[in-house]
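Okay, so here's the structure we're looking at.
In the numbering used here, the protein residues as written are 1 to 276.
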């Protein structure tokens, strides 16, 4: 499969972000991409919950989702939307951080809500409480396509290897890890974590990323790490998008999954044990 990873610098204006993504999708398809992947919070990256409440939509009427379904159908591609920030009908008013997989007819064939919330204190100056604004998902997801089986995840999920083991043991051959990774933790951990998830599972890892300093009309600006990455099942880095916005292309041969798992069949070597 010929895949394209879109690396973008989303602002807090969904309409502006949609235009940029649409242009990149068309460019990627012009270069022969059959699968196009976008990063986490493709539609809006904002630190202001007040602004989000004013401009975000529910899934049923989200303009970005409608437009991306249309372009997937027009371009006849599989489109992996890393995630959209969406309103929910939950009583506490929190949003969903939700991935979508669109088929070449523009239909939604899978959804995944981010399970693990980024509630961390990176430093005195950089703290995050994702669970204040977003409610966590509760269900893992795989999706089967003509190209192979994909396991869905988002960003901070990458620090929880049991999720990826479960996805791989359920049939996933490619693990999707769209992200808006912190610049600080990205520099320290991004490449290592993604390579580890690939090696542990014998899967390809495909991680489209946000990058740079994000424009903000409301709230504080954020800085993300970039380096959209594709890792092979044996741990080799096949593509690294660096830090500039743009498109990273890669050819993926799923025969490498079978080869890696045959050499080290650790997915079938689980043993029960008593706790410490």
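Just so it is clear, CB atoms sit at the ideal spot from N, CA and C, and this is done for glycine as well.
First and last residue of the beta strand (DSSP E) that includes residue 2?
Residue 2 -> beta strand (DSSP E) spans 2 to 7.
Beta-carbon proximity of residue 12 to residue 218, cut-off 8 Å:
In this structure, residue 218 lies closer than 8 Å to residue 12 by Cβ.
Three-state class that DSSP yields for residue 18 in the structure shown:
Residue 18: helix per DSSP, three-state reduction.
On the DSSP letters alone, give me the boundaries of the beta strand (DSSP E) that residue 250 sits inside.
Segment 246 to 251, the beta strand (DSSP E) holding residue 250.
Once you ignore the five residues that flank residue 58 on each side, which residues in its own chain have a CB closer than 8 Å to its CB?
86, 87, 88, 89, listed in sequence order.
Close-in-space but distant-in-sequence residues of the same chain around residue 167 (CB under 7 Å, 5 per side omitted):
Same-chain partners within the cutoff: 140, 142, 151, 175.
Hey, which unbroken runs of the alpha helix (DSSP H) at 4 residues or more fall wholly within the region 135 to 163?
You should have found no qualifying run.
Provide the residue span of the beta strand (DSSP E) that contains residue 78, from first to last.
Run containing residue 78: 78 to 86, per the beta strand (DSSP E) assignment.
Have a look at the DSSP bridge pairing and note the partners of residue 111.
DSSP lists 100 as partners of residue 111.
Rounded to a whole number of angstroms, what is the C-alpha to C-alpha distance between residue 10 and residue 83?
Those two C-alpha atoms are separated by around 12 Å.
Could you check the C-alpha separation between residue 26 and residue 276 for me, to the nearest Å?
Each residue's CA atom was taken as its position, placing residue 26 and residue 276 some 53 Å apart.
Counting Cβ pairs closer than 8 Å, one from the region 221 to 237 and one from the region 192 to 200, do we hit at least three?
Touching, yes.
Residue range of the beta strand (DSSP E) that residue 184 falls in?
Here residue 184 belongs to no beta strand (DSSP E); instead the alpha helix (DSSP H) covers 183 to 201.
Assumed close pair residue 71, residue 38 - CB separation to whole angstroms, cut-off 8 Å
Their Cβ separation, rounded to whole angstroms, is 11 Å, which puts residue 71 and residue 38 out of contact at 8 Å.
Could you give the first and the last residue of the continuous beta strand (DSSP E) run that contains residue 72?
Note, residue 72: premise wrong, no beta strand (DSSP E); alpha helix (DSSP H) at 63 to 75.
What's the call for residue 91, buried or exposed, on a 16-neighbour Cβ count within 10 Å?
Counting Cβ neighbours within 10 Å, residue 91 comes out exposed, since fewer than 16 surround it.
Minimum C-alpha distance to residue 101 - residue among 93, 111, 94:
Nearest of 93, 111, 94 to residue 101, Cα basis: 111.
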